[in-house]
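Everything below concerns the one structure shown next.
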Amino acid sequence: LRELEASQRTLLAEHEERIHLLEMERRRLHNDIQELRGNIRVFCRVRPLLPEERERQRGLPHLHFPPQDARSLVLTRPDDSQLGRERRPELRYDFSFDRVFPPAASQQEIFQEIQLLVQSALDGYPVCIFAYGQTGSGKTFTMEGPAPPGTPEARGMIPRAVRHLFLGARDLAGKGWQYGFSASFLEIYNEGLRDLLLAKGQRGSELEIRRLAPDSDELHVPNLTWVPVESEEQVLELLLRAASQRSVARTGLNERSSRSHSVFQLRIQGLHAARDLRCTSSLTLVDLAGSERLEKSGSVGSRLRETQSINSSLSALGLVISALCNKEPHIPYRNSKLTFLLQNCLGGHAK
Ligand SMILES: Nc1ncnc2c1ncn2[C@@H]1O[C@H](COP(=O)(O)OP(=O)(O)OP(=O)(O)O)[C@@H](O)[C@H]1O
Ligand SMILES: [Mg+2]
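Listed below in structure tokens is the structure:
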């Protein structure tokens, strides 16, 4: 019996070793695939017309989604510049993205495209997802879901990503990995940082971005609230809490326009105790403030200052991303609070 037990033990150890090696191999292959698809990807989502827009215009005749090509979008415009009677062909602009989602695309379809990146976050790579677009184009809807929250189908990318992480962590528990998650939520408004998980009365002075140690490149935000999270429901609660604190205003283009960049960050810590292996990473989901033309939104006074600050930080983000794409030696992270804050989550192996 003792002999049998000993041989079973060896067999078990061999199996555990094999499972571990396969898991490390899976991580490597998953990362190879993600890098082949591109560490920086751009998707385009066109939201459906809202009921009041449907009264004013018929469909989206100027937008064309070529069938069988989920990566292209064609924009056409009648050429008004002609003189005389001669009819000129329409002006045509071709755009290509890693993927284009037409108005009928569901939140689930959008999430399918990003869920592999969420897996990368669990495997130890920093992942950052931005929603960028004109005010009213559906960024907050995509990231958080409708306000007030609707059916589970309408849930946005943040609750879906978190759910996916929790499920993935449960899977990896069978392979000896224990995961812990904590969440923070802040907004950058007029180049100042605000903790969205604290009510206005509870907030102290404005938050700062600091180096973790004088000689370290790691940045952190002292005094920012980090809440340990274990379930999707807890995260939905945090979203509601943050939404009530976020700076919004009515602009000429959106009833409830987000006037700040909101940054939801999940810190992920994995530990394989038996092998003394650790992995830490982060998943960051950013709902950028709406980009807009000043004259279109009719901004004046404090709205004007907001709009200018939004536009300058968006262009700083654009410069950082194009410097990363071109693999330039200097990446201008320091030009805005947003890019400075995300410095550790954008370069290197980040997705
Ligand atoms: N895919 C969609 N399906 C249905 N309704 C949508 C969709 N996307 C956005 N909407 C609706 O469109 C309106 C504007 O969307 P949202 O507030 O998300 O825009 P935004 O890009 O966050 O704008 P801002 O930059 O001003 O904050 C909201 O009423 C939202 O519910
Ligand atoms: Mg918004």
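Residue numbering for the sequence shown follows the numbering used here, starting at 968 and increasing by one per position.
Each residue gets a CB set at the ideal place from its N, CA and C atoms; glycine is no exception.
So which of the options has the shortest CA-CA distance to residue i?
i: V1094; options: K1167, R1272, E1173 and L1233; result: L1233
i: R1059; options: L1042, Q1075, A1072 and P1069; result: L1042
i: G1091; options: L1308, I1235 and E1295; result: I1235
i: M1110; options: T1102, A1098, E1120 and P1119; result: A1098
i: I1096; options: A1241, E1080 and L1003; result: E1080
i: R1272; options: K1294, E1185, A1241 and S1227; result: S1227
i: L1207; options: L1186, A1166, R1242 and G1171; result: A1166
i: N1293; options: G1314, N1302 and P1126; result: G1314
i: V1067; options: D1046, S1039 and S1073; result: S1039
i: D1061; options: S1073, R1044 and A1071; result: R1044
i: R1213; options: N1302, D1162, R1178 and G1237; result: D1162
i: L1016; options: G1005, N1006 and P1028; result: P1028
i: F1307; options: K1318, T1118, V1194 and R1178; result: R1178
i: H1187; options: P1195, L1309, P1115 and N1302; result: L1309
In whole angstroms, what separates the C-alpha of residue i from that of residue j?
i: H1239; j: Q1001; result: 24 Å
i: I1277; j: P1034; result: 36 Å
i: Q975; j: R985; result: 15 Å
i: P1113; j: A1210; result: 11 Å
i: S1149; j: E1022; result: 45 Å
i: S1279; j: V1085; result: 29 Å
i: P1189; j: A980; result: 44 Å
i: Y1146; j: E1199; result: 15 Å
i: N1311; j: L1174; result: 18 Å
i: E1158; j: T1274; result: 12 Å
i: S1183; j: I1176; result: 13 Å
i: P1069; j: A1037; result: 9 Å
i: E970; j: T977; result: 11 Å
i: I1298; j: L1284; result: 10 Å
i: L1030; j: G1100; result: 16 Å
i: P1018; j: T1247; result: 45 Å
i: G1123; j: S1269; result: 30 Å
i: R1242; j: L988; result: 12 Å
i: L1205; j: L1281; result: 26 Å
i: H1131; j: L996; result: 19 Å
i: V1287; j: G1026; result: 36 Å
i: P1056; j: A1071; result: 29 Å
i: L968; j: E983; result: 22 Å
i: L1244; j: L1291; result: 30 Å
i: S1258; j: G1103; result: 10 Å
i: E992; j: A1317; result: 19 Å
i: V1009; j: E1076; result: 15 Å
Under 6 Å: does the beta carbon of residue i sit that close to some heavy atom of ligand 2?
i: T1118; result: no
i: T1274; result: no
i: T1107; result: yes
i: S1229; result: no
i: S1104; result: no
i: S1280; result: no
i: S1225; result: yes
Comparing the CB of residue i with every heavy atom of ligand 1, is any distance shorter than 6 Å?
i: G1026; result: no
i: R985; result: no
i: G1123; result: no
i: R1014; result: yes
i: P1069; result: no
i: G1112; result: no
i: G1257; result: yes
Hey, residue i and residue j are a contact pair by Cβ (cut 8 Å); roughly how many whole angstroms apart?
i: F1133; j: F1231; result: Not quite, the Cβ-Cβ distance comes to about 15 Å (not below 8 Å), so this is no contact.
i: K1142; j: E990; result: 5 Å
i: A1180; j: S1225; result: In fact, because the Cβ distance is near 34 Å, the residues do not count as touching under 8 Å.
i: K1160; j: K1304; result: Lys is not the amino acid found at residue 1160; the sequence shown has Leu there. That belief holds up - the Cβ atoms of L1160 and K1304 are roughly 6 Å apart, short of 8 Å.
i: F1064; j: C1011; result: 4 Å
i: L1250; j: A1136; result: Rounded, the Cβ-Cβ distance is 12 Å, inconsistent with contact.
i: P1126; j: L1203; result: 6 Å
i: L1254; j: S1229; result: Looking at the sequence itself, residue 1254 is Asp, so the reference to Leu does not match. The Cβ separation is near 5 Å, so the contact holds.
i: E1120; j: Q1082; result: Not quite, the Cβ-Cβ distance comes to about 16 Å (not below 8 Å), so this is no contact.
i: G1005; j: W1144; result: Actually they do not touch by this definition, with Cβ atoms about 27 Å apart.
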